[in-house]
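The block underneath contains the structure these notes are about, expressed in structure tokens.
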Amino acid sequence: MKAENSKVLIIALAANVGIAVAKFVAAGITGSSAMLTEGVHSLVDSTNQVLLMYGQKRAAKPADAAHPAGYGRELYFWSFVVALLVFALGAGVSVYEGIVHLVEPEPAVAPLIAYGVLAIAFLLEGGSTVAAFKEFDGARRGKSWWQALTSTKDATTVIVLLENGAAMVGILVAAIGLAMSQMTGDPRFDGIASILIGLLLGFVAIFLAREAKGLLIGEAADLELIAGIRRTIVRSGVMGIGEIMTIHNSPNQIVAAINVDFDNRLTASDVERMVDQMEKDVQAEFPSVYRLYVRPHEDAGSKFGSSRGLHQITTPTR
């Protein structure tokens, strides 16, 4: 796992632990439902970051006899667990607390304490969000934000970014709910704010679960990387290149399998040397491709295969 990912998680964890404690203390003093909801939100975020750090550690384990492809996808499993926690604990508790406060409204006391805690929390969440933003923005490679969010394989940074973004919006909603309760004298606005925070967390949880599910099932590498692999293996003696199948085992671990039609005049030793060089060239150009399988295309009329179903190469580029 990249060191930057671990740094983002540590920053987010440190911020959320401090914020959670402050919010729970403020909720106990003020009696604010939205403040209690925000405390639960920060506690869930802290738990999620611990789970992601554990997932990173597990995913870094080397391959063994029981798991010959490695443990990389375990990070995606824990990302899915995080999404479930955000939905069940974050969204569920928030909506429940909001409904309770609507049914049995109680005015908040000492609102200045609540505002102070929310302001400090907003600043701390902002610092953590900036760190995640820089990490994510550096990997966008010209894509729009939505395209990057839906296509990235780096679940850790996306989770931290979306959780922190939702936390900042939640803080603003909690502050507005508290202010409306003060101005109107109706404490139900505090409960409404809690419900809105819960709905926001529910949306984030569904998005994260959807992305984690796709990664768990197995997603292909970006089209740019696949095209780059194709360009890298083109050389004299390669007559055609078939399907290039790729799959992410973790954000930085890709397995690729390629069907190649070699020149019939090549000997088996020639093909073996070419395959070895292809593997070296691809892994030098794309270090994330940690396993590459090259299969000579075979049929009855050729020692190494026909070009049926392959992309023909008429002019070798190297």
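By the count of our numbering, the sequence shown reaches residue 434 at its end, each step adding exactly one.
Virtual Cβ for every residue (Gly too), placed ideally from N, Cα, C.
CB of residue i within 8 Å of CB of residue j, strictly
{"i": "residue 289", "j": "residue 309", "result": "yes"}
{"i": "residue 321", "j": "residue 202", "result": "yes"}
{"i": "residue 333", "j": "residue 349", "result": "no"}
{"i": "residue 398", "j": "residue 408", "result": "yes"}
{"i": "residue 127", "j": "residue 247", "result": "yes"}
{"i": "residue 199", "j": "residue 328", "result": "yes"}
{"i": "residue 435", "j": "residue 275", "result": "The chain is shown only over 117 to 434; residue 435 falls outside these bounds and no answer can be derived."}
{"i": "residue 218", "j": "residue 135", "result": "no"}
{"i": "residue 355", "j": "residue 378", "result": "yes"}
{"i": "residue 369", "j": "residue 272", "result": "no"}
{"i": "residue 335", "j": "residue 259", "result": "no"}
{"i": "residue 391", "j": "residue 410", "result": "yes"}
{"i": "residue 249", "j": "residue 277", "result": "yes"}
{"i": "residue 487", "j": "residue 363", "result": "It is not possible to answer for residue 487, since the shown part of the chain is limited to 117 through 434."}
{"i": "residue 358", "j": "residue 413", "result": "yes"}
{"i": "residue 294", "j": "residue 230", "result": "yes"}
{"i": "residue 178", "j": "residue 188", "result": "no"}
{"i": "residue 279", "j": "residue 380", "result": "no"}
{"i": "residue 243", "j": "residue 131", "result": "yes"}
{"i": "residue 197", "j": "residue 162", "result": "no"}
Three-state secondary structure (DSSP) of residue i
{"i": "residue 366", "result": "strand"}
{"i": "residue 379", "result": "coil"}
{"i": "residue 170", "result": "helix"}
{"i": "residue 257", "result": "coil"}
{"i": "residue 373", "result": "strand"}
{"i": "residue 418", "result": "Any answer about residue 418 is weak, because its pLDDT of 43 lies below 50 and its placement is not dependable; what the coordinates show is given next. Three-state result, residue 418: strand."}
Cβ-Cβ separation, residue j to residue i (assumed contact under 8 Å), whole Å
{"i": "residue 307", "j": "residue 221", "result": "7 Å"}
{"i": "residue 366", "j": "residue 191", "result": "6 Å"}
{"i": "residue 224", "j": "residue 158", "result": "That belief does not hold up - the Cβ atoms of residue 224 and residue 158 are roughly 18 Å apart, past 8 Å."}
{"i": "residue 284", "j": "residue 245", "result": "6 Å"}
Beta carbon proximity, residue i to chain D, threshold 8 Å
{"i": "residue 288", "result": "Reference to chain D is not applicable here, since this structure consists of a single protein chain."}
**Message:** Suppose only complete runs of 4+ residues qualify. What are the alpha helix (DSSP H) ranges in the segment 324-359, listed by chain order?
**Reply:** 339-349
**Message:** Measuring CB atoms only, is the segment 221-237 touching the segment 309-319, in the sense that at least three cross pairs come out at less than 8 Å?
**Reply:** Flag = no, the segment 221-237 and the segment 309-319 do not touch.
**Message:** Any contact between the segment 153-160 and the segment 275-293? By contact I mean 3 or more CB pairs, one from each, below 8 Å.
**Reply:** yes
**Prompt:** Can you give, in chain order, each stretch of the beta strand (DSSP E) that sits fully within the segment 274-331 and has at least 3 residues?
**Reply:** none
**Prompt:** Are three or more beta carbon pairs between the segment 336-350 and the segment 200-211 nearer than 8 Å?
**Reply:** no
**Asked** Can you give, in chain order, each stretch of the alpha helix (DSSP H) that sits fully within the segment 189-236 and has at least 4 residues?
**Response** 190-201, 208-219
**Message:** Taking 8 Å as the cut-off, does the segment 256-270 touch the segment 168-177 (at least 3 CB pairs, one atom from each stretch)?
**Reply:** no
**Segments assigned alpha helix (DSSP H), at least 4 residues, entirely inside the segment 121-185** = 149-175
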